[in-house]
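Down below is the structure, laid out as structure tokens.
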């Protein structure tokens, strides 16, 4: 038997290299770009489009000029360097006016204030966004509205301090009454108490404290805010205020109480049925007619309030979607544990509903942040249209077209892309299912 | 701020009427600051510069007014207003005076209840074409494509003009001036139409200005001027006569440089009254004697303001045209100071 066995392979053959055309770039291209006549045609068309774009945009970008004092000077430099008829980007405008795009007309010697406010904003946001940080840092978050306001607008420090004390009043009333009256009633009484505090005691307290300990920095008028500073102020305030408001509205809409439900539905549907520009015009124009001429109802505050309402209505619907996606068993389990309504919401329902709603919430926020440019229509200096119009009104830069849009667009992209990445990270981190 | 929010909301209904008629002059004096509604940005007429300081032909009027009323041309708070918000800002009392290249029309004067106190710039709608189109008159534009800002009176004027001359045109609508200029340069339209002052500014900023001409026809009347609310005539008088003081100063050769000298040496009784050397015109307005002198010293006379912001010495290079003094064939004419 053994003689008949001429050859026995006692080891595996090494794998053959795939035939040419089945490996490396050639295979990748065939599979991904030229897998059929239709896809090949589309690939070629796409390539043509890319080449066409590059041919038109690249020379323009390559011929960028950073040092010039006017558009005509830019054009002159481009002609001298790259010959007659050459076109190029004139970034010299950005170089001269970047501070207006970032800060509007905020006094230049006080740029450190918005800068510091931005830094503190990150410090305040960090414990909210990243749960690994120590919980004590939440105090920075709680105090940030007052510090941020004071840094940006200036004036006496006691105004924001006394305003914050209103929240302390709210909290005190709430904690004292809550065991006896329950959450909604004690919260309502707390809000009323805080409102009384702000209306009746705010001004005299501020004046009294100011005369006792005069601590003030130079005040900056709202009208001096502009550019990305304005977008941030409106965007950040509206985003942080609209989330709790949206949660309450979403719960209100699912409530069994007729009045609460009707009011929530009415609010959400009304706000969602009206374009944001209409609300901005209401803030800027209509309110002026209802208020006495000398009232100092700040335009930015008016805009923030209405933008917050607008965002809250959308957030409410997004969160309602999250609530609807929760299985009934979760509600029943919460009931079975003997939790009351607010405990169930806080411990069982909301953490899950919010997790489901993260993509929707973040895209609402991104949309809201970009919508802040609409304030240009009520005469505020948003970075896209307002500041650009001012730059173009300068005879030196009149006729500049793409550069301001590209500059503002690039900054918006960076910020919105950052938000979107964070939301993806958060989704991955909170992922508990095993799908 | 919080306080005023709540108080404002509460007292809104009660205070809605009647307040707007109150004396603006006293408000301005009490506040120590003039609130001036200006354009969000119009070349030469009103826009903040790189340092955020408002400059321009209309802005000079605000400064003159602040100098006359408050004695300091820098005590102005500028509120930028858009085409949509400007009239509400004035009507609601958010601004004291609106100097924002607004055309004086019947409806705005009567129906919107404003007073146009004077005309500081006589504008009109014109056309710009490329030289190689071979057109020398707007009447030869039959069949042309025209870039036009949508939703403006210029759109209506254009339709009227072509209908009246029995011509046809294809409109290319654009959203604002920068887009119009861009479309026109890109060849999307044969002609670009807007106010002649705007055309001149656009042309000045073009890479090949010499290849573009502004046609001689002016197809509409656009008298632009400062306006105030109806019913506060004292304040209206202050604005009106501050403006006329600037015009009269040009007529009598009083300017920023020589004003002190003229005030001390002039023999002309009208100039003496104007500069407060004689008479008490200022007191009659509710101001002091030297109101007009301060206004002129702060911004110069009408001719100086024109030349510094939009005149032939600037890149915009507007000719005086209708805005020359009446003695030089224009329409700027100040009533007598007596």
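Protein chains in written order, with this note's numbering: chain A, -7 to 427; chain B, -2 to 335. Note that the Cβ used here is the ideal one computed from N, Cα and C, for glycine as well. Source: prediction; values computed, not measured.
Coil, strand or helix - residue i by DSSP
i: residue 329/B; result: strand
i: residue 119/A; result: helix
i: residue 332/A; result: coil
i: residue 109/B; result: coil
i: residue 1/A; result: coil
i: residue 127/B; result: strand
i: residue 15/A; result: coil
i: residue 45/B; result: strand
i: residue 73/B; result: strand
i: residue -2/B; result: With a pLDDT of only 40 at residue -2/B, under the threshold of 50, the placement of this residue in the model should not be trusted, and no figure is reported.
i: residue 301/A; result: helix
i: residue 42/A; result: helix
i: residue 227/B; result: coil
i: residue 18/B; result: Confidence at residue 18/B is low in this model, with a pLDDT of 47, below 50, so its placement is unreliable and the value that follows should be read with caution. Helix, per DSSP.
i: residue 190/B; result: strand
i: residue 55/A; result: coil
i: residue 199/A; result: helix
i: residue 114/B; result: coil
i: residue 92/A; result: helix
i: residue 284/B; result: coil
i: residue 122/B; result: strand
i: residue 207/A; result: coil
CA nearest to the CA of residue i, picked from the options
i: residue 222/B; options: 131/B, 190/B, 60/B and 97/B; result: 97/B
i: residue 339/B; options: 244/B, 238/B and 297/B; result: Residue 339/B lies beyond the residue range present for chain B, which begins at -2 and ends at 335; the question has no answer from this structure.
i: residue 164/B; options: 171/B, 42/B, 155/B and 307/B; result: 155/B
i: residue 357/A; options: 216/A, 392/A, 412/A and 266/A; result: 412/A
i: residue 319/B; options: 215/B, 64/B and 39/B; result: 215/B
i: residue 63/A; options: 128/B, 234/B, 202/B and 279/B; result: 202/B
i: residue 301/B; options: 261/B, 254/B and 30/B; result: 254/B
i: residue 116/A; options: 81/A, 232/A, 61/A and 271/A; result: 232/A
i: residue 248/B; options: 331/B, 172/B and 117/B; result: 331/B
i: residue 281/B; options: 130/B, 54/B and 234/B; result: 234/B
i: residue 315/A; options: 239/A, 20/A and 208/A; result: 239/A
i: residue 325/A; options: 312/A, 353/A, 340/A and 317/A; result: 340/A
Backbone CA spacing between residue i and residue j [nearest angstrom]
i: residue 56/A; j: residue 218/A; result: 27 Å
i: residue 184/A; j: residue 128/A; result: 29 Å
i: residue 159/A; j: residue 110/A; result: 23 Å
i: residue 291/A; j: residue 205/A; result: 30 Å
i: residue 137/A; j: residue 303/A; result: 19 Å
i: residue 204/B; j: residue 85/A; result: 16 Å
i: residue 133/B; j: residue 212/B; result: 6 Å
i: residue 287/B; j: residue 32/B; result: 22 Å
i: residue 2/A; j: residue 10/A; result: 24 Å
i: residue 420/A; j: residue 348/A; result: 12 Å
i: residue 396/A; j: residue 367/A; result: 17 Å
i: residue 2/B; j: residue 297/A; result: The predicted model places residue 2/B with a pLDDT of 43, which falls under 50 and marks its position as unreliable, so this point remains unresolved.
i: residue 274/A; j: residue 293/A; result: 13 Å
i: residue 323/B; j: residue 67/A; result: 41 Å
i: residue 226/A; j: residue 28/B; result: 28 Å
i: residue 117/B; j: residue 143/B; result: 29 Å
i: residue 120/A; j: residue 151/A; result: 26 Å
Expected contact under 8 Å - CB spacing of residue i and residue j to nearest Å
i: residue 212/A; j: residue 99/A; result: 6 Å
i: residue 95/B; j: residue 34/B; result: 4 Å
i: residue 37/B; j: residue 378/A; result: 7 Å
i: residue 182/A; j: residue 154/A; result: Going by Cβ atoms, the distance from residue 182/A to residue 154/A rounds to 17 Å, so no, they are not a contact pair.
i: residue 120/B; j: residue 113/B; result: Actually they are not in contact, since the Cβ atoms of residue 120/B and residue 113/B sit about 14 Å apart, beyond 8 Å.
i: residue 382/A; j: residue 373/A; result: 7 Å
i: residue 82/B; j: residue 177/A; result: Actually they do not touch by this definition, with Cβ atoms about 42 Å apart.
i: residue 61/B; j: residue 296/B; result: 5 Å
Name, going along the chain, the residues of the region 294 to 313 of chain B whose beta-carbon falls closer than 9 Å to a beta-carbon of chain A. Of all residues in the region 294 to 313 of chain B, only 311, 312 and 313 place a beta-carbon less than 9 Å from a beta-carbon of chain A.
Residues from the region 353 to 372 of chain A in contact with chain B, defined by Cβ distance under 7 Å: Using a CB distance below 7 Å, the part of the region 353 to 372 of chain A facing chain B consists of 369, 370 and 371, ordered along the chain.
To be precise: take each residue of the region 64 to 83 of chain B, compare its Cβ to all Cβ atoms of chain A, and keep it if any distance is under 8 Å. Which residues remain? Within the region 64 to 83 of chain B, 74, 75, 76, 77, 78, 79, 81 and 82 place their CB atoms closer than 8 Å to a CB of chain A, listed in sequence order.
Taking Cβ-Cβ distances below 7 Å as the criterion, which residues of the region 196 to 216 of chain A are in contact with chain B? So the close ones are 215.
Taking a Cβ distance cut-off of 8 Å, strictly less, list which residues of the region 197 to 218 of chain B are near chain A, in chain order. If the cut-off is 8 Å between Cβ atoms, the region 197 to 218 of chain B has 198, 199, 201, 202, 203 and 204 near chain A.
Closer than 8 Å, Cβ to any Cβ of chain B: which residues of the region 67 to 91 of chain A, in chain order? Taking a C-beta cut-off of 8 Å against chain B, the contacting residues of the region 67 to 91 of chain A are 67, 88 and 89, listed in chain order.
Identify each residue in the region 300 to 322 of chain A for which the Cβ-Cβ distance to at least one residue of chain B is less than 8 Å, and report them in chain order. For the region 300 to 322 of chain A, the beta-carbon criterion of a distance under 8 Å to any beta-carbon of chain B is satisfied by none of its residues.
Could you run through the region 225 to 239 of chain B and flag, in chain order, every residue whose CB is less than 8 Å away from some CB of chain A? Listed by position along the chain: nothing, the set is empty.
Check distances from the C-beta atoms of the region 95 to 106 of chain B to those of chain A and list, in chain order, the residues that come in under 9 Å. If the cut-off is 9 Å between Cβ atoms, the region 95 to 106 of chain B has nothing near chain A.
Which residues, taken in chain order from the region 124 to 152 of chain B, show a beta carbon closer than 9 Å to some beta carbon of chain A? Taking 9 Å as the cut-off between beta carbons, none of the residues of the region 124 to 152 of chain B comes near chain A.
What are the residues in the region 47 to 63 of chain A lying within 9 Å of chain B by C-beta distance? Correct list: 62 and 63.
Quick one: which residues of the region 35 to 48 of chain B get their C-beta closer than 9 Å to a C-beta of chain A? List them in chain order. Per Cβ criterion, the list reads 36, 37, 38, 39, 40, 41, 42, 43, 44, 45, 46, 47 and 48.
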